[in-house]
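Scroll down for the structure; my scribbles are underneath it.
Chains as they are written, first to last, in this note's numbering: chain A, 47 to 376; chain B, 47 to 376.
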């Protein structure tokens, strides 16, 4: 295993130290392991907390800041954060208007966020939990009952974050988040597997010219393995899968997401193919974003996410955001 | 070779189509192969043009926009743009106040930008050329006489871009760019080699546990190969090399740059180590940036860049920038 680390056991803690050094504008609690906006809690503002296993950076810590998350809880690599950690983050951002937990649908995350929400309720903090389950590739999977939460998490956090920033109440912010999730679908391809520091070798073996269609962000199996095909064909298959699973009767937000090891030049090529095919299918693109946002360590792979965007969602998408990983208009 | 492409011969052209689809706010001339600000040329503003081989994205196309470059010329993968292409971009952004060419010090780039500058002069466009040669690892290399241009290119483009945006004249903008380059040093490590689409296999072979110290952004050899060591030691060696080569008597801008295939979590860990060691060495960090900015396709690797920053450089660094790859304050 070749990685820029010191000891596999310390990667998450030391990366958190480095995140703090890189982003003095945020508050990093290295003891309780959460990242929060410096101005949290803001009285009267609904707090947004997300989190999950590390290894998907910039998700979630990179999305903490004005207009998006109030706090993020990084677990160990590909491992859920623990309830006490989530509770500490929830407390840190509760401004009296309640807190929304944005939770990717993995069994460990769901369980630990639920426990944290119950502990928060005991302290008088009202929590609304929003599940993200946008991955259309498989119905159930290794670590999930139901669909996995992947690329749409970024859209949920951005749009719900904007709604909270402008003063939306707890029910409104949670509803905005749920609406984005319901309107979104994702599909991913892996060319290679990720190597976790603890395992020291790739999470699965892919023969020389094979790829995994519908892979999950922890390397979970998807629909099947197949021979590598031209990008144009892979993009069409992925978009067909999304368009078959979700109703798309109008403009979309398109996310072309790299899984960590894919060069940006390939993601741009994919974006071009996606734009061409969506035009053929009569699906207008209202907004688009290209980059490595919801990753799987060093996995060479990509995912496409479409969100059927209402005018209101587009308005909230365009609202100012100021985070390490996503920034515009402010 | 596993890549998201259609045909190795069409990668750059198709990625440019995709870039245009992703960034409708910019003007992409796919025939003449340059990317320009939509509002170029701006009368009276000094134009900034850069370019170089593709495969280093977001450099340079991703740095076109308000407060940074006016245009970028992408060559084929790891291949200089051609003079006509550079001339077309220069023409497109000349607002009558002259144009600065920011050129990484590689023989092909230097030659082709020089030819383009001469052709532009024939048309009455005054061009100032600024060479970037920040890589302290080697004095000469495979494709250079003198030091290579690497991570500092981002700093030069940002700071000179801000100076041009606020109305600096041709000599002032060129001087700002040269000052940043002179004040900067970089050093890189590769864990793996990049694979170009044309070659279809890694550019060099690195045995299981070996790394290349001082690698270039095309995979050119650096100082030597060595066994992989803990990140802490690699960071110290890299910073020692930079601090030995350049005078650092005050605050720096620190760039922790991934070479394409390195996960962000490792870059944050590196940032933490760099911050700790610079504190030990008594070098204050004024500003810092962490991410994949000057890449080498899918190479797993990282570079560190330090720029001894004057108050004026920091003021220009903080100025608003609105590009696909770098964005703040606007």
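Don't be surprised by glycine CBs; every beta carbon is placed ideally from N, CA and C.
Limits of the unbroken alpha helix (DSSP H) element including residue i
{"i": "residue 207 (chain B)", "result": "198-211"}
{"i": "residue 285 (chain B)", "result": "277-291"}
{"i": "residue 359 (chain A)", "result": "357-364"}
{"i": "residue 132 (chain A)", "result": "129-139"}
{"i": "residue 158 (chain A)", "result": "153-168"}
{"i": "residue 322 (chain A)", "result": "310-326"}
{"i": "residue 62 (chain A)", "result": "57-68"}
Spatial distance of residue i from residue j (CA atoms)
{"i": "residue 368 (chain A)", "j": "residue 196 (chain A)", "result": "22 Å"}
{"i": "residue 331 (chain B)", "j": "residue 298 (chain B)", "result": "5 Å"}
{"i": "residue 136 (chain A)", "j": "residue 239 (chain B)", "result": "43 Å"}
{"i": "residue 24 (chain A)", "j": "residue 303 (chain A)", "result": "No statement about residue 24 (chain A) is possible, as the shown extent of chain A runs from 47 to 376 and does not include it."}
{"i": "residue 281 (chain A)", "j": "residue 296 (chain B)", "result": "50 Å"}
{"i": "residue 134 (chain B)", "j": "residue 337 (chain A)", "result": "28 Å"}
{"i": "residue 62 (chain B)", "j": "residue 85 (chain A)", "result": "41 Å"}
{"i": "residue 152 (chain B)", "j": "residue 180 (chain A)", "result": "46 Å"}
{"i": "residue 289 (chain A)", "j": "residue 185 (chain A)", "result": "16 Å"}
{"i": "residue 145 (chain A)", "j": "residue 221 (chain A)", "result": "13 Å"}
{"i": "residue 141 (chain A)", "j": "residue 176 (chain A)", "result": "19 Å"}
{"i": "residue 73 (chain B)", "j": "residue 139 (chain B)", "result": "11 Å"}
{"i": "residue 226 (chain A)", "j": "residue 244 (chain A)", "result": "35 Å"}
{"i": "residue 64 (chain B)", "j": "residue 322 (chain A)", "result": "9 Å"}
{"i": "residue 127 (chain B)", "j": "residue 203 (chain B)", "result": "18 Å"}
{"i": "residue 294 (chain A)", "j": "residue 334 (chain A)", "result": "16 Å"}
{"i": "residue 373 (chain B)", "j": "residue 373 (chain A)", "result": "7 Å"}
{"i": "residue 178 (chain B)", "j": "residue 47 (chain B)", "result": "32 Å"}
{"i": "residue 60 (chain B)", "j": "residue 161 (chain B)", "result": "27 Å"}
Bridge partners - residue i, DSSP secondary structure assignment
{"i": "residue 257 (chain A)", "result": "A:272"}
{"i": "residue 98 (chain A)", "result": "A:120"}
{"i": "residue 263 (chain B)", "result": "The partner list for residue 263 (chain B) (beta bridge, DSSP) is empty, contrary to what the question assumes."}
{"i": "residue 147 (chain B)", "result": "B:95 and B:175"}
{"i": "residue 368 (chain B)", "result": "B:112 and B:373"}
{"i": "residue 241 (chain A)", "result": "A:248"}
{"i": "residue 74 (chain A)", "result": "A:81"}
{"i": "residue 236 (chain A)", "result": "A:258 and A:347"}
{"i": "residue 181 (chain A)", "result": "A:232"}
{"i": "residue 187 (chain B)", "result": "B:190"}
Proximity test, Cβ basis, 9 Å: residue i and chain A
{"i": "residue 86 (chain B)", "result": "no"}
{"i": "residue 115 (chain B)", "result": "no"}
{"i": "residue 364 (chain B)", "result": "no"}
{"i": "residue 131 (chain B)", "result": "no"}
{"i": "residue 338 (chain B)", "result": "yes"}
{"i": "residue 309 (chain B)", "result": "yes"}
{"i": "residue 62 (chain B)", "result": "yes"}
{"i": "residue 235 (chain B)", "result": "yes"}
{"i": "residue 104 (chain B)", "result": "yes"}
{"i": "residue 238 (chain B)", "result": "yes"}
Any chain B beta carbon closer than 9 Å to residue i
{"i": "residue 313 (chain A)", "result": "yes"}
{"i": "residue 91 (chain A)", "result": "no"}
{"i": "residue 292 (chain A)", "result": "no"}
{"i": "residue 330 (chain A)", "result": "no"}
{"i": "residue 12 (chain A)", "result": "Because residue 12 (chain A) is not part of the residues shown, which for chain A are 47 to 376, the question remains open."}
{"i": "residue 100 (chain A)", "result": "yes"}
{"i": "residue 322 (chain A)", "result": "yes"}
{"i": "residue 276 (chain A)", "result": "yes"}
{"i": "residue 297 (chain A)", "result": "no"}
{"i": "residue 172 (chain A)", "result": "no"}
{"i": "residue 319 (chain A)", "result": "yes"}
{"i": "residue 94 (chain A)", "result": "no"}
{"i": "residue 68 (chain A)", "result": "yes"}
{"i": "residue 189 (chain A)", "result": "no"}
{"i": "residue 110 (chain A)", "result": "no"}
Near the ligand NAD: residue i beta-carbon under 8 Å from a heavy atom
{"i": "residue 60 (chain A)", "result": "By its list of ligands, the structure shown contains no ligand whatsoever, and the ligand NAD lies outside what it can speak to."}
For residue i, the first and last residue of its enclosing beta strand (DSSP E)
{"i": "residue 227 (chain B)", "result": "Unbroken run through residue 227 (chain B) is the alpha helix (DSSP H), 216-228; no beta strand (DSSP E)."}
{"i": "residue 334 (chain B)", "result": "331-337"}
{"i": "residue 82 (chain B)", "result": "80-83"}
{"i": "residue 301 (chain A)", "result": "298-304"}
{"i": "residue 354 (chain B)", "result": "347-354"}
Contact set between residue i and chain E, taken where Cβ atoms lie within less than 8 Å
{"i": "residue 316 (chain A)", "result": "Absent from the structure: chain E. Protein chains present are A and B."}
Worksheet item: Quick check: the stretch 256-263 of chain B against the stretch 211-219 of chain B, are there 3 or more CB pairs under 8 Å?
Response: no
Discussion item. Within 8 Å, do at least three Cβ pairs link the stretch 228-244 of chain A to the stretch 268-286 of chain A?
Written reply: yes
Item to complete: Determine contact between the stretch 355-367 of chain B and the stretch 301-319 of chain B, defined as no fewer than three beta-carbon pairs at a distance below 8 Å.
Response: no
Worksheet item: Would you call the stretch 167-177 of chain A and the stretch 113-130 of chain A in contact, with 3 or more CB pairs under 8 Å?
Response: no
Worksheet item: So does the stretch 333-349 of chain A actually touch the stretch 67-87 of chain A, counting three or more Cβ pairs closer than 8 Å?
Response: no
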